[in-house]
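Peer 1: The structure under discussion is supplied below as structure tokens; questions concerning it will follow.
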Amino acid sequence: MSPERTIFLIDGQSFYASCEKAAHPEYKNRPVAVGDPSRPSGIVLAACPIAKSRGVTTAERNFTALAKCPDLVIIRPRMLRYIQISLAITEIFETYTDLVEPYSIDEQFLDVTGVLKQYASAEALARQIQEHILLSTGVWSRVGIGPSKILAKTATDNFAKKTDEGIFRLGYDNIETALWPLPVHQMFMVASKMGTHFNIMGLSTIGDIARLSLQEFKRRMRLRMGKQSDIQAEYYWQTARGIDPSPVVPSIRNELKSVSHGKTLRASLYYRRQDIELVLQELVIEVCRRARRLGKQGRVVSVGLGETDGERAFRFGRQTTLAHATNLTHEIEAAVLRLFREYWQGLPVAFLYVSITQLTDDNVTQLTLFDDRARAYDLERATDAIKDRYGSAAIMKASSLQDAGVARERAGQIGGHYK
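In this note's numbering, the protein residues as written are 72 to 490.
What follows is the structure, encoded as structure tokens:
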């Protein structure tokens, strides 16, 4: 543990809603939520502070939110815009320190240890960054300050978000008075089930865990959850004490293991084989395009499927190994359709998934006697270039224009939400 470190966890307040309010100044004093206004049963993805003060909560249905707050303005999400603003905020952080680690689209860690001497205090630097973000993007941020990532995150979630200033420092000098009295369910990574376990064990506050020796806490965890709980016990004990030696890492790049795409469907609409196969073909196109963009090809093709008729439900995941690695659409498609036709039990389909694994670089092409694979690669890459420039819907199979096709809809979305 290095108590000399000073780490920020900076969170964008009601991020999606704040982005929309910045884009719509006419709604400055109005309650705003982000969701699909055309779907009363759709869910609220984010709500601004005004909406929250009137009872609107994230993940509730639009119609219940409107019942609580009739003048609520629901704006359709624009995921591409939110990603762009998040990246712009990252660039702002990088003008202060090169140690910036994104945690989510609206949360990022900064290690400011090396630049603090240029400022009166950590709080002064936090205020300057807040103002910089607000002036540049219109998004108000909250800043948790701590000597470790876990304390910075805890400071943001449990304290900074609840203060008008939006800044809170949680260190080893005030952890006992500020953090330990909180109920145990407010500890980071403690969900309702684990919180129930702790309460049954007589550990109702974070301090109840922190004040135990590690050996005693492990003993109680074993009695409640078995011998396999030792790793969990150590994690929660360290979290309660703010122990987290992990550094702020500017870029985390794990070796790519697979390239995949999936789609949830309305089972009542996808019961015909040709309609289901159309969606599978569209998923294959996306998988192969992404693989080529990454410079990868795969030798193992996998298909996952969930089917149900309302009474019976089945899921399967099957894979096949090809003669050579590929990212050519027609080769992956043939394997996918073969697996689907062999294992589908004939019920309406609610979920489809396609992936390729055993990845290798695609800078070497395996030639064959009966197929001009080099020419096929050139054609695929030319198609990719057109889509990259003009959008995913610029070129698509004619079959995707059918009602069962999802490619046009997906072309306008990111992560299942509209761009």
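Note that CB positions come from ideal geometry on N, CA and C, so glycine has one too.
(1) Closest to E357 by C-alpha separation, out of R337, R409, F385, T454, would be which residue?
(2) Rounded to whole angstroms, what's the CA-CA distance from M72 to E131? Just pull it up for me.
(3) Name the residue from R76, H95, V144, I81 whose alpha carbon lies nearest to the alpha carbon of S109.
(4) Just how far apart, CA to CA, sit L349 and Y87?
(5) Just to check my reading of the structure: I277 and A311 have Cβ atoms closer than 8 Å, yes? What is that Cβ distance to the nearest angstrom?
(6) In or out: S471 buried (at least 16 other Cβ within 10 Å) or exposed?
(7) Please report how far the alpha carbon of L253 lies from the alpha carbon of K233, in whole angstroms.
(8) Is the distance from the Cβ of I238 to the Cβ of V214 below 8 Å?
(9) Below 8 Å between beta carbons: does that hold for L340 and V374?
(10) How about L187 and L181: are their beta carbons less than 8 Å apart?
(11) Can the beta-carbon of V319 be found closer than 8 Å to that of S426?
(12) Does the stretch 449-465 come into contact with the stretch 404-421, if we say contact requires no fewer than three beta-carbon pairs (one atom in each stretch) closer than 8 Å?
(13) At the level of alpha carbons, what is the spacing between Q473 and P96?
(14) Using the Cβ count rule (16 or more neighbours within 10 Å means buried), how would you classify T168?
(15) For the beta strand (DSSP E) containing I427, list its first residue and its last residue.
(16) If you draw a straight line from the C-alpha of I114 to the C-alpha of T335, how long is it?
(17) Measuring only the C-alpha atoms, how far is G381 from L250?
(18) Residue range of the beta strand (DSSP E) that V183 falls in?
(19) Between Q303 and K468, what straight-line distance do the alpha-carbon atoms span, to the nearest angstrom?
(20) DSSP on E382, reduced to helix/strand/coil?
(21) Alpha carbon to alpha carbon, what distance is there between A421 and E413?
(22) Evaluate F79 with the Cβ neighbour count: other Cβ atoms within 10 Å of its Cβ, from every protein chain shown; 16 or more gives buried, anything less gives exposed.
(23) Provide the residue span of the beta strand (DSSP E) that contains E162, from first to last.
(24) For A159, which residues from the same chain have a beta carbon less than 8 Å from its beta carbon, with the 5 sequence-adjacent residues on both sides left out?
(25) Between which two residues does the alpha helix (DSSP H) containing V358 stretch?
(26) Which class does H95 belong to by DSSP, given the choice of helix, strand or coil?
(27) Taking DSSP as the reference, what is the three-state secondary structure of Q437?
(28) Compare the C-alpha of Y243 against each of A281, R363, P148 and name the closest.
Peer 2: According to the structure shown:
(1) By one-based count along the sequence shown, residue 357 stands at place 286. Nearest C-alpha to E357: T454.
(2) What you label residue 72 is simply residue 1 of the sequence shown in a count that begins at 1. What you label residue 131 is simply residue 60 of the sequence shown in a count that begins at 1. Residue placement at M72 cannot be trusted, given a pLDDT of 43 that sits under 50; the coordinates are not used to answer.
(3) One-based indexing of the sequence shown puts residue 109 at position 38. The residue with the shortest Cα to Cα distance from S109 is V144.
(4) Mapped onto the sequence shown, residue 349 falls at position 278. Mapped onto the sequence shown, residue 87 falls at position 16. The straight-line gap from Cα to Cα measures roughly 33 Å.
(5) To locate residue 277, count along the sequence shown from 1; it is residue 206. To locate residue 311, count along the sequence shown from 1; it is residue 240. Confirmed, about 5 Å.
(6) Looking up residue 471 in the sequence shown gives position 400. Buried: at least 16 other Cβ atoms inside 10 Å.
(7) Position 182 of the sequence shown, counted from the start, is the residue given in the question as residue 253. Position 162 of the sequence shown, counted from the start, is the residue given in the question as residue 233. Using only the alpha carbons, I get a separation of about 14 Å.
(8) Counted from its first residue, the sequence shown places residue 238 at position 167. Counted from its first residue, the sequence shown places residue 214 at position 143. It is a contact, given that the beta carbons lie within the stated cut-off.
(9) Counted from its first residue, the sequence shown places residue 340 at position 269. Counted from its first residue, the sequence shown places residue 374 at position 303. Result no, Cβ atoms of L340 and V374 do not sit closer than 8 Å.
(10) Locating residue 187 in the sequence shown gives position 116, counting from the first residue. Locating residue 181 in the sequence shown gives position 110, counting from the first residue. No, the pair does not count as a contact, with Cβ atoms beyond the cut-off.
(11) To locate residue 319, count along the sequence shown from 1; it is residue 248. To locate residue 426, count along the sequence shown from 1; it is residue 355. Not closer than 8 Å, so no.
(12) Contact between the stretch 449-465 and the stretch 404-421 is absent: fewer than three C-beta pairs spanning the two stretches fall below 8 Å.
(13) Position 402 of the sequence shown, counting from 1, holds the residue named residue 473. Position 25 of the sequence shown, counting from 1, holds the residue named residue 96. Taking the straight line joining both Cα atoms gives about 40 Å.
(14) On the sequence shown, position 97 is the one that residue 168 refers to. With 16 or more neighbouring CB atoms inside 10 Å of its own CB, T168 falls in the buried class.
(15) Locating residue 427 in the sequence shown gives position 356, counting from the first residue. Element bounds for I427: 420-432.
(16) To locate residue 114, count along the sequence shown from 1; it is residue 43. To locate residue 335, count along the sequence shown from 1; it is residue 264. So the two alpha carbons sit approximately 16 Å from each other.
(17) Looking up residue 381 in the sequence shown gives position 310. Looking up residue 250 in the sequence shown gives position 179. One C-alpha to the other measures close to 47 Å.
(18) Walking along the sequence shown from the start, residue 183 turns up at place 112. Element bounds for V183: n/a, residue is neither H nor E.
(19) Locating residue 303 in the sequence shown gives position 232, counting from the first residue. Locating residue 468 in the sequence shown gives position 397, counting from the first residue. Looking at the two C-alpha atoms, the distance is approximately 50 Å.
(20) Reading the sequence shown from its first residue, position 311 is the one you call residue 382. Looking at E382 - three-state DSSP - the assignment turns out to be coil, as it is neither helix nor strand.
(21) Taking the first residue of the sequence shown as position 1, residue 413 is located at position 342. Taking the first residue of the sequence shown as position 1, residue 421 is located at position 350. Rounded to the nearest angstrom, the two C-alpha atoms are 18 Å apart.
(22) By 1-based counting over the sequence shown, the position of residue 79 is 8. F79 comes out buried.
(23) As a first step, residue 162 must be located in the sequence shown, where it is residue number 91. For E162, there is no enclosing beta strand (DSSP E); the residue is part of the alpha helix (DSSP H) that begins and ends at 150-164.
(24) Against the sequence shown, residue 159 aligns to sequence position 88. Excluding positions up to five away in sequence, the list reads S207, T208.
(25) In the sequence shown, counting from the first residue as 1, residue 358 sits at position 287. Its alpha helix (DSSP H) spans residues 344-365.
(26) Taking the sequence shown and counting its residues from 1, one reaches residue 95 at position 24. DSSP places H95 in coil when its eight states are reduced to three.
(27) Here the question's residue 437 lines up with position 366 in the sequence shown. Here Q437 sits in coil by DSSP.
(28) Residue 243 sits at position 172 when you count from the first residue of the sequence shown. Checking every option, the nearest Cα to that of Y243 belongs to A281.
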